[in-house]
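*Asks:* To get this note's numbering, take the position in the sequence shown, counting from 1, and add 73.
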Amino acid sequence: MPLVYATQAELSAYAPAGVTVPGEPEATRLLTAASKEIRRATKTAIYDVDEDGYPTDTAIRQAFRDATCAQAIWRPGDPLPGAETGGEYSSVSIGSVTLSRGAKSAAAAGSPSWLAEQADTELRDAGILPGHIIPTQT
74 MPLVYATQAE LSAYAPAGVT VPGEPEATRL LTAASKEIRR ATKTAIYDVD EDGYPTDTAI
134 RQAFRDATCA QAIWRPGDPL PGAETGGEYS SVSIGSVTLS RGAKSAAAAG SPSWLAEQAD
194 TELRDAGILP GHIIPTQT
């Protein structure tokens, strides 16, 4: 059975005003797909897990929960891999046609295009993904 890091109730609590959380079984489908993406994003992360594979540290578990909710909300219509609306490019030319897109925000720099920016932020802020701030004492 796949790991699912959030429940429908947690998704409802996390969702901003105006975002409708679907009922079952759609909520479970969204959360399962989002959990797989979070697991994919954290494949090389190092953290302690319980016998079922869930993080044992409360803060890390909460970050996985929040990142899963952010991922589920980001593309509620179809959160499955390959559902992106386009690839990333800064400039492409074909004959006389030139296409370009702006750079990603600093918060999402280095994160994969299939990971919601807010999910990336949740995981980085918890220190699960590289690029988080490490406080030092002076």
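No residue lacks a Cβ here, since even glycine has one placed at the ideal position from N, Cα and C.
1) Quick one: any contact between the segment 134-146 and the segment 188-198, if contact means 3 or more CB pairs under 8 Å?
2) Please state whether DSSP places Ile-119 in a helix, a strand or coil.
3) For chain D, is any of its Cβ atoms less than 9 Å away from the one on Trp-147?
4) State yes or no: is the C-beta of Thr-141 within less than 9 Å of the C-beta of Leu-104?
5) By how many angstroms is the C-alpha of Lys-109 removed from the C-alpha of Thr-117?
6) Using only the alpha-carbon positions, how far apart do Tyr-120 and Ala-88 sit?
*Replies:* The answer reads as follows:
1) yes
2) Reading the sequence shown from its first residue, position 46 is the one you call residue 119. In this structure, Ile-119 counts as coil in the three-state DSSP scheme.
3) The displayed structure is made up of one protein chain only, and chain D is not part of it.
4) Mapped onto the sequence shown, residue 141 falls at position 68. Mapped onto the sequence shown, residue 104 falls at position 31. In this structure, Leu-104 lies closer than 9 Å to Thr-141 by Cβ.
5) For the purposes of this step, residue 117 is taken as the residue at position 44 of the sequence shown. For the purposes of this step, residue 109 is taken as the residue at position 36 of the sequence shown. Each residue's alpha carbon lies about 14 Å from the other.
6) Position 47 of the sequence shown holds residue 120. Position 15 of the sequence shown holds residue 88. For Tyr-120 and Ala-88, the distance between alpha carbons rounds to 27 Å.
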